[in-house]
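> Supplied in structure tokens, the structure appears directly below.
2 protein chains.
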Amino acid sequence: MGLVVQKYGGSSVADAEGIKRVAKRIVEAKKNGHQVVVVVSAMGDTTDELIDLAEQVSPMPSGREFDMLLTAGERISMALLAMAIKNLGHSAQSFTGSQAGVITDSVHNKARIIDVTPGRIRTALDEGNIAIVAGFQGVSQDKKDITTLGRGGSDTTAVALAAALDAEVCEIYTDVDGVFTADPRVVKKAKKIDWISFEDMLELAASGSKVLLHRCVEYARRYNIPIHVRSSFSGLQGTWVSSAPIKQGDQKVEQAIISGVAHDTSEAKVTVVGVPDKPGEAASIFRAIANAEINIDMVVQNVSAASTGLTDISFTLPKTEGRKAIDALEKAKNVIGFDSLRYDDQIGKISLVGAGMKTNPGVTAGFFEALSDAGVNIELISTSEIRISVVTRADDVSEAVRAVHTAFGLDSDSDEAVVYGGTGR
Amino acid sequence: MGLVVQKYGGSSVADAEGIKRVAKRIVEAKKNGHQVVVVVSAMGDTTDELIDLAEQVSPMPSGREFDMLLTAGERISMALLAMAIKNLGHSAQSFTGSQAGVITDSVHNKARIIDVTPGRIRTALDEGNIAIVAGFQGVSQDKKDITTLGRGGSDTTAVALAAALDAEVCEIYTDVDGVFTADPRVVKKAKKIDWISFEDMLELAASGSKVLLHRCVEYARRYNIPIHVRSSFSGLQGTWVSSAPIKQGDQKVEQAIISGVAHDTSEAKVTVVGVPDKPGEAASIFRAIANAEINIDMVVQNVSAASTGLTDISFTLPKTEGRKAIDALEKAKNVIGFDSLRYDDQIGKISLVGAGMKTNPGVTAGFFEALSDAGVNIELISTSEIRISVVTRADDVSEAVRAVHTAFGLDSDSDEAVVYGGTGR
């Protein structure tokens with residue numbers, strides 16, 4: 001039996017009872033002969049409470065101090081978890097991100113891991129301990145300051161440690177049973193996916209699926225670490241994310257043609273109206289956006305009207321960046337030379353994801369037919385080799401997701417309700 | 001203007017308002033031209049809440065994990081304090097005990113500081129920052145594990161940093177106006193002491209005065225760091241503790257004959273009855289106690305009754321150690337050879353402290369007369385060069401303290417009420 005990294009989110013360790021329940025599950029893995037490294041998030045609402053305190057003392061807290069503050073959350077949960085494990089008669093030691101060797105860049109609040117040097121973890125394991133590591137945090141390479149990895153950071157900590165320790169698997173425990181063919185809150189007949197490739201999971205994550213974050217899956221793919229997303233409550237097999245299909249019992253899990261339908265209503269659409277249709281115009285628009293450090297998603301340029309020599313350019317971006325984008329474009333209006341800006345935050349995006357579409361030419365047509373049959377109007381289209389995305393009115397999103405899910409035969413036969421919630425950080 | 005170390009206890013930073021108030025006071029010192037290092041405790045009840053959580057997951061939490069847990073408290077308060085200072089337009093950086101170079105031994109929950117290497121603090125100061133340091137915590141020299149210094153540890157952190165940074169003064173901010181000639185909750189006419197020598201302060205601390213802990217004063221005396229105990233609420237001059245009297249305005253503060261009256265009701269008395277009066281008997285009793293790692297305070301041996309050749313030996317110790325002491329003695333009963341044990345936790349100790357008693361022979365007589373006039377019966381007596389202590393019934397302590405305070409002319413002329421409370425850790 002090899003080394004297993006387990007990650008537990010904030011909802012799994014929300015109180016003393018949760019911590020004791022998780023401790024039992026960890027001890028099970030140890031009893032089964034594994035070396036066990038556990039990555040843990042802050043308890044339940046701790047992070048929100050700390051953010052609230054910060055806002056009370058300062059409207060614009062410094063990044064360095066904000067990270068120092070937030071990392072207290074995991075320090076509490078990891079120490080309590082180590083105590084609970086010891087109380088079950090097994091030895092455990094907790095380690096901060098810094099002690100665990102999680103080295104990051106210096107971008108506070110959203111640092112990136114640049115190296116993992118888990119010498120102390122390795123020693124603790126070799127001495128027979130279960131190692132508990134604070135998720136979401138690291139230490140900066142240059143200044144030795146405490147950093148945090150941003151939203152979903154604990155998952156990335158787990159995968160990075162799994163890679164550095166050459167783990168057999170990185171188990172992400174959460175409050176859902178795994179990754180589903182669609183968001184079960186929208187599609188009651190959504191099915192749990194037994195196995196999904198890194199590539200399809202990356203597209204789902206980029207298209208609005210919240211169970212795993214893009215950065216974490218990207219990291220796992222780079223180091224070829226299988227991820228097992230599963231419930232910390234049920235103990236059932238969840239979803240395996242890996243490069244090749246896994247076996248369940250005697251059966252090899254088949255690659256599905258379509259992995260799932262994702263949706264996203266967190267984006268807005270900006271349309272730059274009356275742009276002169278000549279070389280360099282689009283570049284100047286997106287240079288202005290890039291200089292404001294805004295990431296955009298889809299881009300569409302309309303066909304130019306021959307009579308005016310003017311065209312419209314639309315793009316989507318997170319709603320939270322909307323204000324900044326409009327300001328940046330207004331400031332560059334004279335340089336770019338456009339008529340006006342339109343801002344629309346009542347849009348939604350529906351994406352169909354599956355490597356099978358590369359070899360099944362009817363998928364695109366089937367997708368558009370399903371939307372048409374449901375009376376959903378398409379405003380923008382964007383595709384990759386294994387994904388088709390469309391932008392519609394926000395109000396149409398749920399209906400569109402259900403229609404597409406049914407059309408591609410993804411609906412479950414069972415009527416059982418699925419428990420679904422957030423994943424913590 | 002030189003370097004000042006300021007320490008704020010948990011009651012001074014109990015909420016966002018408290019933190020903002022303390023931030024203003026710190027900025028004042030910086031504006032006055034000082035380099036400022038601030039040592040801060042955990043906010044208000046944070047430590048108690050963390051201890052409560054620990055008890056919920058484990059009846060006997062491991063020392064290492066308990067320290068990891070508790071140190072989250074200062075991490076929160078120091079980050080918030082740094083944010084609040086920045087919000088006032090001044091630069092500040094927070095540092096954990098480990099980052100500040102507070103190196104300790106490996107005795108978890110009550111580690112001792114063995115070295116301070118404040119390189120990062122010095123750099124932060126040289127770059128114009130106010131440095132905020134977590135009190136009460138350090139990192140062990142051998143294992144690099146997080147440790148805590150035990151009760152009153154933040155004061156010790158402050159004095160140790162002041163020594164390592166060669167500070168002008170270590171200011172201990174608390175919720176009282178300074179050190180008083182007696183506990184103002186017992187003696188309404190107690191006076192604030194303007195200056196007191198390290199020696200007298202050590203005796204007061206050892207005799208039950210709670211404002212400064214013995215360990216902290218001992219550290220300050222060794223490195224000759226003046227301590228200024230003062231209120232974080234009033235901003236008034238408090239009590240200076242140093243080797244030589246300080247000046248206030250044009251006046252040199254005089255050395256008082258008697259510094260104050262301390263009392264302590266946290267001790268119990270053990271009497272070993274019927275001990276054979278021969279060499280080695282006392283040694284075997286106190287070897288049994290020492291082997292159980294119990295610190296004792298006063299010891300008295302009665303005159304042996306010639307008829308029996310037996311004597312009684314009494315000693316006092318913290319009530320919290322009472323059970324352990326009785327068990328240790330019972331276990332060694334055959335070796336020591338005594339008749340029985342008596343345990344009495346209804347005692348109190350009153351101590352009169354002052355270097356002046358060395359050259360004023362009437363002090364001892366005056367002390368006993370005052371107690372006698374107040375009808376207080378003396379059970380044990382112990383003296384040092386600058387202190388007389390007696391043990392009485394616990395019920396008599398308050399009356400005895402007031403009588404002695406009046407007899408030695410310590411009563412204040414003013415009738416103003418004094419605010420008094422705990423000092424945090």
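These protein sequences, in sequence, are chains A and B.
Counting from 1, position 215 in the first sequence corresponds to residue 215 in the numbering used here; the numbering is continuous, with no gaps.
Counting from 1, position 329 in the second sequence corresponds to residue 329 in the numbering used here; the numbering is continuous, with no gaps.
Think of the CB as a built atom: it goes at the ideal place given N, C-alpha and C, for glycine as much as any other residue.
What you are looking at is a predicted structure, and each value in this text was computed from that prediction instead of being measured.
Which residues does DSSP list as the beta-bridge partners of glutamine 6 (chain B)?
Residue mapping note: residue 6 (chain B) aligns to position 6 of the second sequence, counting from 1. Glutamine 6 (chain B) pairs with B:Val38, B:Glu171.
> Closer than 8 angstroms, Cβ to Cβ, to anything on chain B: give me those residues from the segment 46–64 of chain A, in chain order.
Under the 8 angstroms Cβ criterion, the segment 46–64 of chain A contributes Leu50, Leu53, Ala54, Gln56, Val57, Ser58, Pro59, Met60, Pro61, Ser62, Arg64.
> So, is the C-beta of isoleucine 294 (chain B) closer than 8 angstroms to a C-beta in chain A?
Along the second sequence, one-based indexing puts residue 294 (chain B) at 294. No, its Cβ sits nowhere closer than 8 angstroms to a Cβ of chain A.
> Could you run through the segment 103–120 of chain A and flag, in chain order, every residue whose CB is less than 7 angstroms away from some CB of chain B?
If the cut-off is 7 angstroms between Cβ atoms, the segment 103–120 of chain A has nothing near chain B.
> With DSSP as the reference, please indicate the residues paired to valine 391 (chain B) in a beta bridge.
Stepping through the second sequence from its first residue, residue 391 (chain B) is reached at position 391. BP columns for valine 391 (chain B) point to B:Lys349, B:Leu380.
> Near alanine 92 (chain B), which residues of its chain fall below 7 angstroms by C-beta distance, leaving aside the five closest residues on each side in sequence?
As a working note, residue 92 (chain B) is residue 92 in the second sequence. Cβ neighbours of alanine 92 (chain B) beyond the five flanking positions: Ala82, Ile85, Lys86, Asn129, Ile130, Ile132.
> How many Å lie between leucine 125 (chain B) and isoleucine 258 (chain B) at the Cα?
Residue numbering aside, residue 125 (chain B) sits at position 125 when the second sequence is read from its first letter. Residue numbering aside, residue 258 (chain B) sits at position 258 when the second sequence is read from its first letter. The alpha-carbon atoms of leucine 125 (chain B) and isoleucine 258 (chain B) are separated by roughly 41 angstroms.
> Taking the DSSP output, what are the residues bridged to histidine 263 (chain A)?
Against the first sequence, residue 263 (chain A) aligns to sequence position 263. Bridge partners of histidine 263 (chain A): A:Ile350.
> With a threshold of 7 angstroms on Cβ separation, who are the neighbours of arginine 112 (chain B) within its own chain once the five nearest residues in sequence on each side are excluded?
What you label residue 112 (chain B) is simply residue 112 of the second sequence in a count that begins at 1. For arginine 112 (chain B), where only same-chain residues beyond five positions count, the Cβ hits under 7 angstroms are Thr104, Asp105.
> Assess, as a yes-or-no matter, whether the segment 7–26 of chain A is touched by the segment 167–174 of chain A under the definition of 3 or more beta carbon pairs within less than 8 angstroms.
Verdict: yes, contact present.
> Give the interface partners of serine 209 (chain B) over in chain A, defined as CB-CB distance under 8 angstroms, in chain order.
Residue 209 (chain B) sits at position 209 when you count from the first residue of the second sequence. Here the premise fails: no neighbours, minimum Cβ distance about 33 angstroms.
> Using the C-alpha atoms, what's the distance from arginine 342 (chain B) back to proline 245 (chain B)?
Taking the first residue of the second sequence as position 1, residue 245 (chain B) is located at position 245. Taking the first residue of the second sequence as position 1, residue 342 (chain B) is located at position 342. Cα to Cα, proline 245 (chain B) sits roughly 46 angstroms from arginine 342 (chain B).
> Output needed in chain order: residues of the segment 141–154 of chain B with a Cβ under 7 angstroms from some Cβ in chain A.
Those residues of the segment 141–154 of chain B that come within reach of chain A (Cβ to Cβ, closer than 7 angstroms) do not exist; the list is empty.
> Is there at least one Cβ from chain A nearer than 8 angstroms to leucine 80 (chain B)'s Cβ?
Position 80 of the second sequence holds residue 80 (chain B). Output row for leucine 80 (chain B): interface = yes.
> Output, in chain order, the set of chain A residues within a Cβ distance shorter than 8 angstroms of arginine 75 (chain B).
Numbered from 1 along the second sequence, position 75 holds the residue referred to as residue 75 (chain B). In chain order: Met68, Leu69, Thr71, Ala72, Arg75.
> For chain A, find out if any of its Cβ atoms is closer than 8 angstroms to the Cβ of valine 6 (chain B); answer yes or no.
Reading the second sequence from its first residue, position 6 is the one you call residue 6 (chain B). Strictly speaking, residue 6 (chain B) in this sequence is glutamine, with valine absent from that position. No, its Cβ sits nowhere closer than 8 angstroms to a Cβ of chain A.
> Along chain B, in chain order, which residues have C-beta atoms closer than 9 angstroms to that of isoleucine 19 (chain A)?
Reading the first sequence from its first residue, position 19 is the one you call residue 19 (chain A). Near isoleucine 19 (chain A) (Cβ distances below 9 angstroms), the residues of chain B are Leu53, Gln56, Val57.
> Going by DSSP, name the residue or residues bridged to tyrosine 219 (chain A).
Within the first sequence, residue 219 (chain A) is the residue found at index 219, counting from 1. According to DSSP, which records beta bridges pairwise, tyrosine 219 (chain A) is partnered with nothing at all.
> For a contact defined as C-beta to C-beta under 7 angstroms, what are the partners of serine 94 (chain A) on chain B?
Counting from one through the first sequence, the residue named residue 94 (chain A) turns up at place 94. What serine 94 (chain A) touches in chain B: Glu65, Met68.
> Give me the DSSP bridge partner(s) of proline 318 (chain A).
Taking the first residue of the first sequence as 1, we reach residue 318 (chain A) at position 318. Bridge partners of proline 318 (chain A): A:Glu267.
> For the ligand GTP, is there any heavy atom lying closer than 7 angstroms to the beta carbon of serine 340 (chain A)?
This structure lacks the ligand GTP, and indeed carries no ligand of any kind.
> For glycine 337 (chain B), which of B:Ile285, B:Ala72, B:Ile26 has the nearest alpha-carbon?
Translated into positions along the second sequence, residue 337 (chain B) becomes position 337. Taking only the C-alpha atoms, the option nearest glycine 337 (chain B) is B:Ile285.
> Between serine 197 (chain A) and glutamate 203 (chain A), what straight-line distance do the alpha-carbon atoms span, to the nearest angstrom?
In the first sequence, the residue the question calls residue 197 (chain A) occupies position 197. In the first sequence, the residue the question calls residue 203 (chain A) occupies position 203. Cα to Cα, serine 197 (chain A) sits roughly 10 angstroms from glutamate 203 (chain A).
> Who pairs with histidine 228 (chain A) in a beta bridge, going by DSSP?
To locate residue 228 (chain A), count along the first sequence from 1; it is residue 228. Note: histidine 228 (chain A) sits in a beta bridge opposite A:Glu171, A:Trp240.
> Is lysine 192 (chain B) helix, strand or coil by DSSP?
Here residue 192 (chain B) refers to the residue found at position 192 when the second sequence is read from its first residue. DSSP places lysine 192 (chain B) in strand when its eight states are reduced to three.
> Could you check which residue in A:Glu127, A:Gln237, A:Ile114 has the C-alpha nearest to that of threonine 174 (chain A)?
Within the first sequence, residue 174 (chain A) is the residue found at index 174, counting from 1. Nearest C-alpha to threonine 174 (chain A): A:Gln237.
> Quick check on serine 58 (chain A): does DSSP put it in helix, strand or coil?
In the first sequence, the residue the question calls residue 58 (chain A) occupies position 58. DSSP places serine 58 (chain A) in coil when its eight states are reduced to three.
> When the Cα of alanine 256 (chain A) is compared with those of A:Ile386, A:Val13, A:Arg402, A:Ser209, which residue comes out closest?
As a working note, residue 256 (chain A) is residue 256 in the first sequence. It is A:Ile386.
> Go through its chain and collect everything with a Cβ distance to lysine 189 (chain A)'s Cβ below 6 angstroms, but skip five positions before and after it.
Here the question's residue 189 (chain A) lines up with position 189 in the first sequence. Once the five neighbours on either side are set aside, the close Cβ partners of lysine 189 (chain A) are Asp411, Ser412.
> Within the continuous alpha helix (DSSP H) that includes arginine 64 (chain B), where are the two ends?
Counting from 1 along the second sequence, the entry for residue 64 (chain B) is found at position 64. 63–70 is the extent of the alpha helix (DSSP H) around arginine 64 (chain B).
> Can you give me the C-alpha to C-alpha distance between serine 389 (chain B) and serine 351 (chain B), rounded to a whole angstrom?
Here the question's residue 389 (chain B) lines up with position 389 in the second sequence. Here the question's residue 351 (chain B) lines up with position 351 in the second sequence. The alpha-carbon atoms of serine 389 (chain B) and serine 351 (chain B) are separated by roughly 4 angstroms.
> So, does the CB of asparagine 129 (chain A) fall closer than 8 angstroms to a CB anywhere in chain D?
Checking the listed chains, one finds no chain D in this structure; the protein chains it contains are A and B.
> Which term fits valine 187 (chain A), buried or exposed, when burial requires 16 or more other beta carbons within 10 angstroms of its beta carbon?
The count along the first sequence starts at 1 and reaches residue 187 (chain A) at position 187. By the 10 Å Cβ count, valine 187 (chain A) comes out buried.
> Could you check whether the segment 154–165 of chain B touches the segment 223–233 of chain B, counting it as contact only if at least three pairs of C-beta atoms, one from each stretch, sit closer than 8 angstroms?
Yes: the two stretches touch, three or more of their Cβ pairs being nearer than 8 angstroms.
> Any idea if aspartate 312 (chain B) is buried or exposed, counting beta-carbon neighbours within 10 angstroms, 16 or more meaning buried?
Position 312 of the second sequence, counting from 1, holds the residue named residue 312 (chain B). Buried.
> Please decide whether alanine 220 (chain A) counts as near chain B, where near means a Cβ-Cβ distance under 8 angstroms.
Within the first sequence, residue 220 (chain A) is the residue found at index 220, counting from 1. No - not a single Cβ of chain B is within 8 angstroms of the one on alanine 220 (chain A).
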